[in-house]
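Numbering (UniProt numbering), first residue to last: 1 to 255.
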């Protein structure tokens, strides 16, 4: 005889790790389904990469400068624009407050978002890096700079994500879309992501160099050319710590 089917709910939720991973997978799938996200995080960086390869010599930039700059642009795009816009709409529609009271919890929700953004950024960076290698990019990283990048990159991403959550937790989605695109373009054009600091006027270089965007850009550019940039770690760390403090204060779960 077959045992009767029970429709009683499970007594226990899935383990915390399993819940976070499941939510991260959902977040990542949603990000990849948004055409605007692919445009901003993959197609625009590839377009910048190709344009830099064709016209970079006229500006004094080589592929060794352009390719790592574009990788920094990918991180900037994913950690800022994608997170800010999606989280803003989730807050408006009550998704955040509903998920926060499930077994996933607020901590699990944020951990899942962080894991998803990390996975998406890694995939996008690999795609852009492969295109750069096909074009002719041959990075020559110093062993020490591997460590510098391994620390600077996640700290910069935290700083970018903190800015995204600060906006998403306070502003209406329509305002977020406009504001985040302005910030994105400003960081790309004048924040040290694309343009190396040594190409800037001497009075402007230290000002731009104090930004987390420049810290990430310089760390990756020196990784590409064999240089070492210890200073990028404290710059990114200060912005990450400050950004987390501001996001914790400003972020709201309800609309």
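Don't be surprised by glycine CBs; every beta carbon is placed ideally from N, CA and C.
For residue i, which residues of its own chain have a beta-carbon under 7 Å away from its beta-carbon, when the five flanking residues on both sides are left out?
i	result
residue 222	145, 228 and 229
residue 46	128 and 131
residue 61	52
residue 136	63
residue 152	215, 216, 219, 232, 233 and 236
residue 116	24, 27, 28 and 31
residue 200	208
residue 178	none
residue 187	76, 193 and 213
At least one CB of chain C closer than 9 Å to the CB of residue i: is that the case?
i	result
residue 254	Given the protein chain composition of this structure (a single chain), no chain C is represented.
Is any heavy atom of the ligand HEM found at a distance shorter than 8 Å from the C-beta of residue i?
i	result
residue 93	Judged by which ligands are present, the structure shown has none, so any question about the ligand HEM falls away.
Evaluate residue i with the Cβ neighbour count: other Cβ atoms within 10 Å of its Cβ, from every protein chain shown; 16 or more gives buried, anything less gives exposed.
i	result
residue 216	buried
residue 26	exposed
residue 68	buried
residue 212	buried
residue 93	exposed
residue 65	buried
residue 240	buried
residue 189	exposed
residue 42	buried
residue 254	exposed
residue 82	buried
residue 207	exposed
residue 140	exposed
residue 138	exposed
residue 111	buried
residue 243	buried
residue 134	exposed
residue 102	exposed
residue 202	exposed
residue 90	buried
residue 59	exposed
Leaving out five residues before and five after residue i in sequence, what residues of the same chain have Cβ atoms less than 8 Å from its Cβ?
i	result
residue 84	163, 164, 165, 167, 168, 176 and 180
residue 125	71, 74 and 75
residue 184	40, 76, 77, 80 and 81
residue 106	100 and 253
Leaving out five residues on either side along the sequence, give the residues of the same chain with a beta carbon under 6 Å from the beta carbon of residue i.
i	result
residue 108	19 and 20
residue 48	70
residue 247	162, 165 and 166
residue 204	none
residue 155	236, 237 and 240
residue 225	64
### Task
Would you check if the segment 93 to 101 and the segment 151 to 166 touch, i.e. whether three or more CB-CB distances between them fall below 8 Å?
no
The segment 192 to 199 contacting the segment 164 to 173, beta-carbon criterion three pairs below 8 Å: no
Problem - Ranges of the alpha helix (DSSP H) found wholly within the segment 169 to 222, counting only runs of at least 4 - result: Runs of the alpha helix (DSSP H) lying entirely within the segment 169 to 222 and spanning at least 4 residues, in chain order: 173 to 190 and 205 to 209.
Taking 8 Å as the threshold, find out whether the segment 117 to 125 comes into contact with the segment 67 to 82 through three or more Cβ pairs.
Contact check between the segment 117 to 125 and the segment 67 to 82: three or more CB pairs, one atom from each, fall below 8 Å, which counts as touching.
In the segment 76 to 117, which residue ranges form an unbroken alpha helix (DSSP H) of at least 4 residues, counting only runs that do not cross its ends?
83 to 92 and 95 to 100
*Those runs of the alpha helix (DSSP H) which lie wholly inside the segment 224 to 255 and span at least 4 residues*: 232 to 250, all fully within the segment 224 to 255.
Segments of 4+ residues assigned as alpha helix (DSSP H) that fall wholly inside the segment 21 to 76:
Taken in chain order, the complete alpha helix (DSSP H) segments of 4 or more residues contained in the segment 21 to 76 are 35 to 38, 44 to 55 and 63 to 76.
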